[in-house]
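Participant:
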Amino acid sequence: MWATARRMASTTRSASSAALTFELVGKCSTTRARASILTLPHGQVNLPIFMPVATQASLKGLTPEQLEATGCRLCLNNTYHLGLKPGQEVLDAVGGAHKFQGWNHNLLTDSGGPMLLTPEHSMSLQNSIGSDIMMQLDDVLVTTHPDKARMREAMERSVRWLDRCIAAHKYPERQNLFCIIQGGLDLEMRRECCREMVARDTPGIAIGGLSGGEAKDDFCKVVATCTEQLPELKPRYVMGIGYPEDLVVSVALGADMFDCVWPTRTARFGNAITKHGVLNMKRELYAADFGPIEEGCGCQCCRPVGQEGSLGITRAFIHHNAAKETVAAHLLTLHNVWYQLDLMRQAREAIIADQFPAFVKKFFVGLYPDGQNYPSWAVNALRGVGIELLGR
Amino acid sequence: MTVDTEPQEPESTAMRFEVVSSALKEGTAAAARVGRLALPGRRPIDTPNFIAVTSRGTLPHVTPDNISKHLQVSGAYFSLEDFVEKSQQNLSRPPPIFSAPTSTNHPTPLYSFTGTPSHITTILAARRLPAVPSPIGNSTKSISVFTNTGFQNLSTTDYLSAASTLEPDITIPLADLTNNSPPGTSPTSKRALRMAERTDEWIADWFSSPLSTSTSTFAPVLPIPYPIQWEYLSRLAEDYIPSSQLSGLAVHDPDIIPDLATHQPSLLSLPLLSLSNPSNPHLILRHIAHGTDLFALPLINAVSDAGLALNFTFPAPPSSGSPPLPLAVDLSLPSFSTSVTPLSKSCTCYACKSHHKSYIHHLLQAREMLGWTLLQIHNHATMSAFFGGIQRSIKDATFEDERLSFSRAYDSEMPAGVGERPRMRGYQYKSQGGEENAGKKKNKPAWQKELAVEDDKVEVPETDGGRELQEKGVGEVVKGSGR
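Just so you know, the sequences run in chain order A and B.
Take the first sequence: its letters are residues 1 to 392, numbered as in the UniProt record's numbering.
Take the second sequence: its letters are residues 1 to 483, numbered as in the UniProt record's numbering.
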C-alpha cells in the first residue's frame, strides 16, 4: 500500500525489458537532464552515472571492496583484454567475469572493437564474460574522417552488425545488449542511424564514435541531436567521456551514462581531479602541503580526520610517493573515482530538486573562478539547452 | 554518584615488556619465550611476532584502510632515509615530514605524514631494510644513507633530532655498520673493532642527550662476534638498564643471543628485535629458539613482489613420509589459470575469502597492481598465523618438537618465483658499474610494457577480418585513428 501511494505521488514512469528496468524519477525543467534508476541483473544503479574502467578485470590496484566503498555499482571491463587474458576458456571455466574478479555488482563490457573478427565472436565472448550490459560490435571511424561515403558505409554496417549481434546473443534474459549510434559528425546521418537503431528496440542505447579528437562543439551537437531523437524511457550512454566538464554538459544535453579511463590513468601519473581543476601532486608546491587532496571532498583519503573511515591522507604524502610507491596511485585512484561518482551524484540530486542549472553554474565557477574564460563550446552547448553561463 | 571500579593503573607512558612463558630449562642459556610488548596508545604485541617493513612510509602495495581492515600486523619499521632526500627543485627545503601536523588519530608526525593507523607501533631506524650498500664509508660522527636523490651523510645529532621530532614509539640509534662490503662477508677484525667503538660512543652520546620520553630506545647489537663488542654490550647492561634508558635490543645477527645469555644475562630481560632479514621460516624458528621476540621481515614484501603466496603453518601438518612441501605457491605458473580455490586452504585472510588463484594468476600475468596487494594481504596474514602457532606451542612446551617436524615437513628455501616483479625504483637499488651494458637492467624498458597493455588505448593493428572490410580500405581506418 505504501509502495502504491509513493508511485502515485510521483511522476515516475518506467519501462522494462527482459533484464533491465529504467525508471525516470526526475527531469530538469530547463535543460534535457534526467535522473533515473536503472535496475540491472546485479542490482540498481542511479543515473546519471560515471562508470570507472577496470580494463583487465581490476580497477588499478583497488580491491573490489574498495571500489564498492566509493559507491560504484557499475564498472567496465574490456572485452578485448579479457579475451586475451585470462581468455574465454578461463572465463567459462570460472563462470564469468563477476566470479572471476569477485565483483558482485554490475559490469558493462565494450564490444572488443575491431580486434575481434565478427559480431558473433564479440557476442560469444561477452556472453562468456556475463556482463550485465554488452555492447554491439560496431564499425568505428574517427568522427573527423573526411570520406562521407566511408562514414555512411560504417554507419550502415553497424546497423547490420547489430542485427547479427541480436541474433547471436545467447542470454537476452540476463544480459542487456545496447546498440551504438554511429554516423560521425554528420547530424543527418546520426538521425538516420538513431531511427534504424531505435527500431531494433535494444534495452539501452549508446552514442559512439566520439571522444576521438573532434571539436568539442561538434561533439555537443552530435550528443544533442541524438538525445533529441531517442526514446525517453531508455538509458543513453555516451561512450569514452570522462572530463568533468564533458560529463556535466552531456548530462545537460540528456545523456545518462559515461565511461573513461582518464580519471584512473591520470591518478597513476600523480594527478588529482578536484572541483578547481586537475592538480599534479608531483609538483614541488605540494611537498609540504598538509591539506587533504581536495578540501571538502568526502572520499576516504580526504574526509576530515576523525570521521568514519577517514585515512587522513595529505597532499604531502601523495607527493612523497607519487610515481614511487604504488600506494600513492591507489590513493589517488580512490580519490578520482570518488570525485567522478560524486559529481554525478550531485548532478542527480540537483535534477531531482529541479536545481540543475544552478548546479551547472556553480560547477563552472569552481573551474573558472574569474567567470571569464569559460570554454566557448560549453557556453554554446549549455545555451542551446537554456543555461546562460555568462549571465549573472 | 560514583561507580565502583577496579583500581586502575594510571595510563603508563613507558613501554612495558613481560615474558609470560619461557621454554627455558635448567642448564640452557637461551630459549624460546612468549611475551607481550605494550606501548601506550598502541595495540599490544604478543611475542614472538613480526613487524611489517615499510618503504617510503608505506607498506608496499597496501593502503592504510586495508592495513586496518585486513592485516593483524601491530608494528611497522620505518627508515629515516626514506624521508630526508634533498629536493632537487628546492635544495634548502627541510624534509616535510618534520613539520607534519599531528592530531588525535595521528599522534606524531610519523603517523600524520604517512597515514599509518594509530594502533600500529612505529619503529624508526636510519636505514631501509635491507639497506642499499653505500660506497661511502661512515665517519666518526655520521653514517652514509641512501635517499631517493642519492647518498648523503646523516650525523648522530641530526638523527637524534629527527627521532625527537618524529616521536616513533621505538627508535634504533645509529650503528656503525659496514655497508660497503658484499653481502654475506664479515668485516675484518680491525674494522669490526672500530664498529664496536663507534657504536659505543654514539650510544653514550645518545643517552646523554635529552630525548622525548615517549620514545623507547632499542640499542643495536652489531653483526660481529661477541668478544669484539663485549665492552659496548656490557655498558648497555651495566649503565643503561639500571638507568631505565634502554628498552630493548635491535639485533643484527640473532646467533649472538646465546653469548648474551652467558655473559650479559640481564640484557635478555629486554625485548629482542631481529633485523637479520631471514630468508625462510626455518631461520625465524632458529632465532626464536634463541629467544628472539620480534622480527622485522622484509622477506614478506619480497615474496609478494615475486608473485608467491606463502603456504606454511605452524605446527606443520602431519606428514606421512611424503616429500617436503614447498614454502610458497608460485602464482605465476600457468597451472593456476583456472584454479578457483583460495591461495591456501586453511587461510582466512581477505584475499583467500574473496578471491581465488585463477584471478591472482591473471593479475600477475596482466601486471595489474592488485595482484601484489592481494599477495601482501595473504602473506602478512600467513605470517601472523605462523607466529600465533609458535606462541601456542611455546606455551604448551611443544615448540622444539614442532620446530623439528616443521623442518622435515617443508623445503629449506623459498621458491624463486618466475613472475616479473614490479618496477624497481631508484631508492630500492644502486646500479653497479657495467650492469646496464651487460644486459642486467633492473626494469624492462617502459615502451615494452606499454605495447603489452596500457588501459584500453592499445595501438593494435586493426584486424577486422570481416570480408567487407578487407575489401574496402582498412588501411584508411588505421591512418585516421592516428590523428
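Glycine included, each C-beta is placed from N, C-alpha and C at the ideal position.
Can you tell me which of the three DSSP states residue 16 of chain A falls into?
Facilitator: As a working mapping, residue 16 of chain A is identified with position 16 in the first sequence. Residue 16 of chain A: strand per DSSP, three-state reduction.
Participant: Mind pulling the alpha helix (DSSP H) runs of 4 or more residues that sit fully within the region 65 to 132 of chain B?
Facilitator: Those alpha helix (DSSP H) runs which fall completely within the region 65 to 132 of chain B and span 4+ residues are 109 to 114.
Participant: For residue 76 of chain B and residue 292 of chain A, what's the separation of their Cα atoms in angstroms?
Facilitator: Counting from 1 along the second sequence, the entry for residue 76 of chain B is found at position 76. Counting from 1 along the first sequence, the entry for residue 292 of chain A is found at position 292. Going by the C-alpha atoms only, they are around 24 Å apart.
Participant: Is residue 382 of chain A helix, strand or coil when you go by DSSP?
Facilitator: In the first sequence, the residue the question calls residue 382 of chain A occupies position 382. Correct three-state label for residue 382 of chain A: helix.
Participant: In three-state terms, what does DSSP make of residue 165 of chain A?
Facilitator: Along the first sequence, read from residue 1 onward, the residue named residue 165 of chain A stands at position 165. DSSP places residue 165 of chain A in helix when its eight states are reduced to three.
Participant: Classify residue 276 of chain A as buried or exposed, calling it buried when 16 or more other Cβ atoms lie within 10 Å of its own Cβ.
Facilitator: Looking up residue 276 of chain A in the first sequence gives position 276. Residue 276 of chain A comes out exposed.
Participant: Check the DSSP bridge columns for residue 75 of chain A and list the partner residues they point to.
Facilitator: Position 75 of the first sequence, counted from the start, is the residue given in the question as residue 75 of chain A. Partner(s): A/107.
Participant: Less than 8 Å between the CB atoms is what I'm expecting for residue 354 of chain B and residue 417 of chain B, so what's the real figure, rounded?
Facilitator: Position 354 of the second sequence, counting from 1, holds the residue named residue 354 of chain B. Position 417 of the second sequence, counting from 1, holds the residue named residue 417 of chain B. Rounded, the Cβ-Cβ distance is 23 Å, inconsistent with contact.
Participant: According to DSSP, simplified to helix, strand and coil, what is residue 321 of chain A?
Facilitator: Sequence index remark: in the first sequence, residue 321 of chain A carries index 321 (1-based). Note: residue 321 of chain A maps to helix in three-state DSSP.
Participant: Using alpha carbons as the reference points, say which of B/273, B/409, B/367 lies closest to residue 17 of chain B.
Facilitator: As a position in the second sequence, residue 17 of chain B is number 17, starting the count at 1. The shortest C-alpha separation from residue 17 of chain B is found at B/273.
Participant: Take residue 170 of chain B as the anchor and find which of B/216, B/198, B/190, B/195 has the nearest alpha-carbon.
Facilitator: For the purposes of this step, residue 170 of chain B is taken as the residue at position 170 of the second sequence. Here the closest residue by C-alpha is B/216.
Participant: Based on Cα-Cα distance, which residue from B/149, B/126, B/148, B/132 lies nearest to residue 142 of chain B?
Facilitator: Working through the second sequence from its first residue, we reach residue 142 of chain B at position 142. The shortest C-alpha separation from residue 142 of chain B is found at B/126.
Participant: Tell me which same chain residues have a C-beta within less than 7 Å of the C-beta of residue 115 of chain B, skipping the five on either side of it?
Facilitator: Along the second sequence, one-based indexing puts residue 115 of chain B at 115. Cβ neighbours of residue 115 of chain B beyond the five flanking positions: 64.
Participant: For a cutoff of 7 Å on Cβ pairs, would you count residue 126 of chain B as touching chain A?
Facilitator: Numbered from its first residue, the second sequence carries residue 126 of chain B at position 126. No, residue 126 of chain B lies away from the interface with chain A (no Cβ there is under 7 Å from its Cβ).
Participant: Counting only beta-carbon atoms, is residue 303 of chain A nearer than 7 Å to chain B?
Facilitator: Taking the first residue of the first sequence as position 1, residue 303 of chain A is located at position 303. No - not a single Cβ of chain B is within 7 Å of the one on residue 303 of chain A.
Participant: Closer than 7 Å, CB to CB, is residue 484 of chain B near chain A or not?
Facilitator: Outside the shown range of chain B (1 to 483) lies residue 484 of chain B, about which nothing can therefore be said.
Participant: How should residue 85 of chain B be labelled, buried or exposed, when 16 other C-beta atoms within 10 angstroms of its C-beta is the threshold for buried?
Facilitator: The sequence position of residue 85 of chain B within the second sequence is 85, counting from 1. It is buried - the Cβ of residue 85 of chain B has at least 16 other Cβ atoms within 10 Å.
Participant: Does residue 401 of chain B pass the burial test, meaning 16 or more other C-beta atoms within 10 Å, or should it be called exposed?
Facilitator: Position 401 of the second sequence, counted from the first residue, corresponds to residue 401 of chain B. Exposed, because fewer than 16 other Cβ atoms sit within 10 Å of the Cβ of residue 401 of chain B.
Participant: Could you check where the beta strand (DSSP E) with residue 280 of chain B kicks off and where it finishes?
Facilitator: Here residue 280 of chain B is taken as the residue at index 280 of the second sequence, counted from 1. Careful: residue 280 of chain B lies outside any beta strand (DSSP E) and carries neither H nor E.
Participant: Quick check on residue 453 of chain B: buried or exposed, where buried means 16 or more other Cβ atoms within 10 Å of its Cβ?
Facilitator: In the second sequence, counting from the first residue as 1, residue 453 of chain B sits at position 453. Residue placement at residue 453 of chain B cannot be trusted, given a pLDDT of 41 that sits under 50; what the coordinates show is reported in the next sentence. By the 10 Å Cβ count, residue 453 of chain B comes out buried.
Participant: Could you tell me whether the Cβ of residue 159 of chain A comes closer than 7 Å to any Cβ of chain B?
Facilitator: Within the first sequence, residue 159 of chain A is the residue found at index 159, counting from 1. For residue 159 of chain A, the answer is no, since every Cβ of chain B falls outside 7 Å of its Cβ.
Participant: Name the DSSP beta bridge partners of residue 17 of chain B, please?
Facilitator: Working through the second sequence from its first residue, we reach residue 17 of chain B at position 17. Paired residue(s): B/37.
Participant: Using a Cβ-Cβ cut-off of less than 7 Å, list which residues of the region 276 to 308 of chain A approach chain B; keep chain order.
Facilitator: Cβ contacts with chain B come from 284, 287, 288, 290, 300, 305, 306.
Participant: Can you confirm whether the region 55 to 62 of chain A touches the region 204 to 216 of chain A when touching is taken to mean that 3 or more C-beta pairs between the two stretches lie within less than 8 Å?
Facilitator: The region 204 to 216 of chain A, when compared against the region 55 to 62 of chain A, does not touch it at the 8 Å Cβ threshold.
Participant: List the endpoints of the continuous alpha helix (DSSP H) containing residue 316 of chain B.
Facilitator: Sequence index remark: in the second sequence, residue 316 of chain B carries index 316 (1-based). Neither: residue 316 of chain B is in no alpha helix (DSSP H) and is coded neither H nor E.
Participant: Going straight from the alpha carbon of residue 373 of chain B to that of residue 185 of chain B, what length do you get?
Facilitator: Start at 1 with the first residue of the second sequence, and residue 373 of chain B comes out as number 373. Start at 1 with the first residue of the second sequence, and residue 185 of chain B comes out as number 185. Going from the Cα of residue 373 of chain B to the Cα of residue 185 of chain B covers about 34 Å.
Participant: So, does the CB of residue 86 of chain A fall closer than 7 Å to a CB anywhere in chain B?
Facilitator: Taking the first residue of the first sequence as position 1, residue 86 of chain A is located at position 86. Yes, its Cβ sits closer than 7 Å to a Cβ of chain B.
Participant: For the region 372 to 398 of chain B, which residues have a CB atom closer than 8 Å to at least one CB atom of chain A, in sequence order?
Facilitator: Listed in sequence order: 372, 373, 374.
Participant: So what does DSSP say about residue 212 of chain A, is it helix, strand or coil?
Facilitator: Walking along the first sequence from the start, residue 212 of chain A turns up at place 212. Here residue 212 of chain A sits in coil by DSSP.
Participant: With a CB to CB cut of under 6 Å and the five nearest residues on each side skipped, what residues in its chain are close to residue 449 of chain B?
Facilitator: Your numbering for residue 449 of chain B matches position 449 in the second sequence. Annotation note: pLDDT 45 at residue 449 of chain B (below 50); position unreliable, coordinate value reported separately. Same-chain partners within the cutoff: there are none.
Participant: When the cut-off is 7 Å and only beta carbons count, does residue 436 of chain B lie next to chain A?
Facilitator: As a first step, residue 436 of chain B is located in the second sequence; it is residue number 436 there, counting from the start. Any reading at residue 436 of chain B must be qualified, since the residue scores a pLDDT of 48, below 50, and its modelled position is unreliable; no value is offered.
Participant: Measure the Cβ-Cβ separation of residue 110 of chain A and residue 79 of chain A and say whether it is below 7 Å.
Facilitator: For the purposes of this step, residue 110 of chain A is taken as residue 110 along the first sequence, with counting starting at 1. For the purposes of this step, residue 79 of chain A is taken as residue 79 along the first sequence, with counting starting at 1. For residue 110 of chain A and residue 79 of chain A, yes; Cβs fall inside 7 Å.
Participant: Looking at C-alpha atoms only, which residue of A/176, A/98, A/155 is the closest neighbour of residue 397 of chain A?
Facilitator: Nothing can be reported for residue 397 of chain A, as the shown portion of chain A is limited to 1 through 392.
Participant: Could you please give the first and the last residue of the uninterrupted alpha helix (DSSP H) stretch that includes residue 66 of chain A?
Facilitator: Sequence index remark: in the first sequence, residue 66 of chain A carries index 66 (1-based). From DSSP, the alpha helix (DSSP H) with residue 66 of chain A extends over 64 to 69.
Participant: Measure from the alpha carbon of residue 185 of chain A to the alpha carbon of each residue in A/216, A/160, A/172, then state which is nearest.
Facilitator: Walking along the first sequence from the start, residue 185 of chain A turns up at place 185. The shortest C-alpha separation from residue 185 of chain A is found at A/216.
Participant: Given that residue 153 of chain B touches chain A, what residues does it touch there, using C-beta distances under 8 Å?
Facilitator: Numbered from its first residue, the second sequence carries residue 153 of chain B at position 153. Chain A residues near residue 153 of chain B: none, gap ~21 Å exceeds 8 Å.
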